[in-house]
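There are 2 protein chains.
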Amino acid sequence: MPTDFPATVTINEEGPREGFQIEPGPISTADKVAFVEALAGTGVRKIDCVSFVDPRRVPGMADADAVATGIHRVPGIRYTGLWLNERGLDRALALPLDTVGAIRVTASETFSTNNTGKGIVATQDEQRRWLERYVAAGIPVESGYVMTAFGCNFEGEVPVATVIDMVAFILELVDGAGLPRPRVFLADTVGHAAPSAIERVVGAVRDRWPDLPLGLHLHDTRGLGVANVHAALALGVDHFDAACAGLGGCPFAGHAGAAGNVCTEEVVFLCEELGIDTGIDLERMIDCARMAEEIVGHRLPGKLTRGGSLRAIRGGQVAA
Amino acid sequence: MPTDFPATVTINEEGPREGFQIEPGPISTADKVAFVEALAGTGVRKIDCVSFVDPRRVPGMADADAVATGIHRVPGIRYTGLWLNERGLDRALALPLDTVGAIRVTASETFSTNNTGKGIVATQDEQRRWLERYVAAGIPVESGYVMTAFGCNFEGEVPVATVIDMVAFILELVDGAGLPRPRVFLADTVGHAAPSAIERVVGAVRDRWPDLPLGLHLHDTRGLGVANVHAALALGVDHFDAACAGLGGCPFAGHAGAAGNVCTEEVVFLCEELGIDTGIDLERMIDCARMAEEIVGHRLPGKLTRGGSLRAIRGGQVAA
């Protein structure tokens, strides 16, 4: 399998935000803070900590401000939050978080409407206003997201041409504002992707924009998450969102089986075995996954929590 | 990623044997029989049903004879059992099972000793006697197994040269008896493999024996199981052992986190997405996985049990 593996990979840790918002909880503010602080000790450089969303819709994020305030920050790590409306941004700006903007569009009209109340065109209008807002406030626009880029639970297959249109929209928007092009994340929001789809969609975007920095946001709904990461690595993709222990899921995916992001420690383990540097200490990330299970009070999907790494085994210590 | 995908893949279902022997149970004989019969309705062509092992060591298999007798067989499907000693073979021969022989060696001296009480040389002597026994009884030798071919929990890395030696031993043995060469399964018994190791070990065996039919027996201890299947498919490997719902684990792996085989329905889903025919109905295999969870009384690792297939979604039905 001739490949184009990157030398280094950057992982954005999504566990605290993607994970804790869907857990039945309640999870204490102190536990949330402690988890973010433990993650900061793994070597990961970006941690998505909280969502600024309506607590009536997502009660698990009602204490987002307290979590953001409570974190003892480690220099060099970026602690981010997610907002989806003006009020959320105002909350984020008042807190000691790293405020980075993103342009977010969805390649499925139905998913877009069900998830945000707005269809594709209305979302694009809204994103234009967000871009103006970010420019006015001096907030860097670092990423673009194309959600449901690999399929939708309502519409089924999402045409690659639609994904291309969504990427084109993001790039035209930032180009028009004279901003540097952001990294574009293709999101398998509801876990439809297989390695063949990764190759097809990433390939089509690459064909059109050979130099565009890409990332993937993958959910492991159907067990192919790590295989999809491997396929993307072989294409040279070097940025991934992932969640410690496989925390997460989407409350609005229209699907009871919606699963979390690909599991951070599994992606780190894969990269280590391929000789790719992530900057993350695998043992510490596994410790965080065990901590996550203690916090949520049940088993989480990540397999290394029980499987462990190979470091001690290869170091000649007899297995436990 | 240029690939050499096979047009068809054969999956040996290991769930009933690998899975039920490790469950704390008790699982009724009737449930075991019903599960095998449900699997027989999926299109899978070979089902490993029981182990003929010492019930004091593996109490979950004490009713192996009753299970084997209870199954209503479907013509064209092979129902097999595993024996590790003469008494086990005698039990198997007295039952309505398909009796097929295998030559089994382990590429780690320590694992071999801990698992079977015999080191590599003693195991090879024993396998010579098994071969004579199979020839005398007219039992076909269809497969060879090299266990711990990708690593060992006691010895750490297993040299590729040792794996080659083990394959050479199997082939010399059957060649010497004038038998057709069996399919050789490389087994990642304790889940150390990554796609890079699959390529390295399969590549080395292929270099030495380009026409030898190969298979893989993979455990998903560290989350890379499906990625490993994908890497093997890309090399043209077309036979896999797998377990419905990810049932299983090894009671003698020296590791509390030993996990089951790669999950059958995830392998089937991967193959479908790659356009590879397995002959297995994915929906029915997912139904079997749900049945397995009901039987064991707890969640099992397979993700499609909750994620579901994409058939209804792509067919235009709104997701549940």
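Taken in order, these protein sequences are the chains called A and B. Residues in the first sequence are numbered from 22 upward in steps of one, following this note's numbering. Residues in the second sequence are numbered from 22 upward in steps of one, following this note's numbering. Even glycine gets a Cβ: it sits at the ideal position worked out from N, Cα and C.
Of the residues assessed, Ser-49(B) falls on the exposed side of the cut-off, its CB having fewer than 16 other CB atoms within 10 angstroms. Interface criterion not met: the Cβ of Ile-307(B) is under 8 Å from no Cβ in chain A.
Counting along the chain, the unbroken alpha helix (DSSP H) around Ala-158(A) starts and ends at 141 to 158. For His-251(A), the secondary structure class from DSSP, reduced to helix, strand or coil, is helix. A contact is defined here as three or more CB-CB pairs under 8 Å, and the segment 172 to 181 of chain B meets this definition with respect to the segment 125 to 145 of chain B.
Asn-106(A) and Arg-150(A) have their C-alpha atoms spaced approximately 11 Å apart. If you draw a straight line from the Cα of Val-223(B) to the Cα of Phe-73(A), it is about 49 Å long. Interface flag for Phe-41(A) against chain B is unset, since no Cβ pair is found closer than 8 Å. Taking every protein chain shown into account, the CB of Leu-152(B) has 16 or more other CB atoms within 10 angstroms, so this residue is buried. What Arg-335(B) touches in chain A, judged by beta-carbon distance under 7 Å, is Gly-177, Glu-178, going in chain order. Taking the Cβ atoms as the reference, Ala-208(B) lies roughly 6 Å from Val-167(B), within the contact range of under 8 Å. With contacts defined as CB atoms closer than 8 Å, Ala-61(A) and Ile-98(A) qualify as a contacting pair. The Cβ-Cβ distance between Gln-42(B) and Val-79(B) falls below 8 Å.
Chain B has no Cβ within less than 8 Å of the Cβ of His-93(A).
For Phe-290(A), the chain B residues whose C-beta falls within less than 8 Å of its own C-beta are Ala-215, Arg-243, Gly-244, Leu-245, listed in chain order. Annotation for Asn-33(B): no alpha helix (DSSP H) segment contains it, though the beta strand (DSSP E) segment containing it runs 31 to 34. Against chain A, the beta carbon of Leu-325(B) has neighbours under 7 Å at Arg-243, Gly-244, listed in chain order. DSSP places Cys-70(B) in the uninterrupted beta strand (DSSP E) bounded by 67 to 73.
Per DSSP, the continuous alpha helix (DSSP H) segment holding Ser-217(B) begins and ends at 216 to 229. Its chain contains Val-126, Phe-190 as the residues whose beta carbon lies nearer than 7 Å to that of Gln-145(A), once the 5 sequence neighbours on both sides are disregarded; these appear in chain order. Chain B places a beta carbon closer than 8 Å to that of Asn-174(A), counting this residue as a contact. Sequence-distant Cβ neighbours of Glu-293(B) in its own chain, meaning closer than 8 Å and more than five residues away, are Thr-299, Leu-303. For Arg-112(A), the enclosing alpha helix (DSSP H) has its first and last residue at 107 to 114.
Counting C-beta pairs closer than 8 Å gives fewer than three between the segment 233 to 244 of chain A and the segment 194 to 201 of chain A, which falls short of the contact rule.
Per DSSP, Ala-263(A) lies in no alpha helix (DSSP H) segment; the continuous beta strand (DSSP E) that holds it begins and ends at 260 to 263.
By the CB criterion at 8 Å, Gly-328(B) and Thr-242(A) fall inside the cutoff. Taking a Cβ-Cβ threshold of 9 Å, none of the residues of chain A is close to Leu-207(B); the smallest such distance is about 17 Å.
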